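Protein chains in written order, with our numbering: chain A, 687 to 798; chain B, 6 to 122.
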Amino acid sequence: DAEITQSPRHKITETGRQVTLACHQTWNHNNMFWYRQDLGHGLRLIHYSYGVHDTNKGEVSDGYSVSRSNTEDLPLTLESAASSQTSVYFCASSESMRSPQYFGPGTRLTVT
Amino acid sequence: AQSVTQLGSHVSVSEGALVLLRCNYSSSVPPYLFWYVQYPNQGLQLLLKYTTGATLVKGINGFEAEFKKSETSFHLTKPSAHMSDAAEYFCAVSERNYGGATNKLIFGTGTLLAVQP
Chain A
687 DAEITQSPRH KITETGRQVT LACHQTWNHN NMFWYRQDLG HGLRLIHYSY
737 GVHDTNKGEV SDGYSVSRSN TEDLPLTLES AASSQTSVYF CASSESMRSP
787 QYFGPGTRLT VT
Chain B
6 AQSVTQLGSH VSVSEGALVL LRCNYSSSVP PYLFWYVQYP NQGLQLLLKY
56 TTGATLVKGI NGFEAEFKKS ETSFHLTKPS AHMSDAAEYF CAVSERNYGG
106 ATNKLIFGTG TLLAVQP
């Protein structure tokens, strides 16, 4: 079955370190998204991509970057992790502009 | 800009009772609307969606929602709550502009549903 996976599921890192969270989908979806979920804020969009080599900033993009070298993967990089980036991160994908998004299981990141 | 408001961050119902979770949106163009459910330590699962057509949409697990343009609402209902419905529910609107859909979701802050035996 097609799916969307995220790794690692849990990560503890130190302030200032570079961290990369992986997202992989096997639906061949063009659209991919990264969100962070924090109590009281719901989900907020970090970055998104509409296809290979396309990336766009979302609502809370400062301190994060993405690259899209193939259809299946959209890794999220924290250039220099900060305690404010402690959160749960979700990746999602969708087939088209009118389609719903399908979410991965999430990565819980703690920055100490 | 589009926005979503979910009234009530916590809702508690008895098993067998009606579930009503409220969602109001703000959009200057016809919206695409979604409800997602999140069980503990899991990702979000699509419950139902409205894009065009029939304003009453049915989803999984017996949930349904009605798009009411005049009230800018998309409330989620289920006639009879089950213990397994306890979860957090998110309403979302897909950002659109006059150039068309962007597929970017704007989420409400969520409603945590508790079901009492």
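Even glycine gets a Cβ: it sits at the ideal position worked out from N, Cα and C.
Nothing here was measured: the structure is a model prediction, and the numbers come from that model.
So, is the C-beta of K63(B) closer than 7 angstroms to a C-beta in chain A?
Not an interface residue.
For chain A, is any of its Cβ atoms less than 7 angstroms away from the one on A106(B)?
Closer than 7 angstroms: yes.
Given that F39(B) touches chain A, what residues does it touch there, using C-beta distances under 9 angstroms?
The answer, in chain order, is P786 and Q787.
Taking only beta-carbon atoms, is L51(B) less than 7 angstroms away from chain A?
True, the Cβ-Cβ gap to chain A drops below 7 angstroms.
Please list the partners that G792(A) has in chain B, where partner means a Cβ-to-Cβ separation under 7 angstroms.
Those within 7 angstroms of G792(A) in chain B are G48.
May I have the straight-line CA-CA distance separating K63(B) from T701(A), to the nearest angstrom?
Approximately 46 angstroms between the Cα atoms of the pair.
With a threshold of 7 angstroms between beta-carbons, can L760(A) be considered close to chain B, or not?
So no, L760(A) is outside the interface.
Can you tell me which of the three DSSP states G105(B) falls into?
DSSP places G105(B) in strand when its eight states are reduced to three.
Would you call the region 18-32 of chain B in contact with the region 41-57 of chain B, where contact means no fewer than 3 C-beta pairs closer than 8 angstroms?
Flag = no, the region 18-32 of chain B and the region 41-57 of chain B do not touch.
From which residue to which residue does the beta strand (DSSP E) around T706(A) run?
T706(A) -> beta strand (DSSP E) spans V705 to Q711.
Using the beta-carbon of each residue, which ones in chain B are nearer than 8 angstroms to M718(A)?
Ordered by position in chain B, no residue passes the 8 angstroms Cβ test against M718(A), which lies about 10 angstroms from the chain.
Could you tell me whether the Cβ atoms of S17(B) and A119(B) are closer together than 7 angstroms?
For S17(B) and A119(B), yes; Cβs fall inside 7 angstroms.
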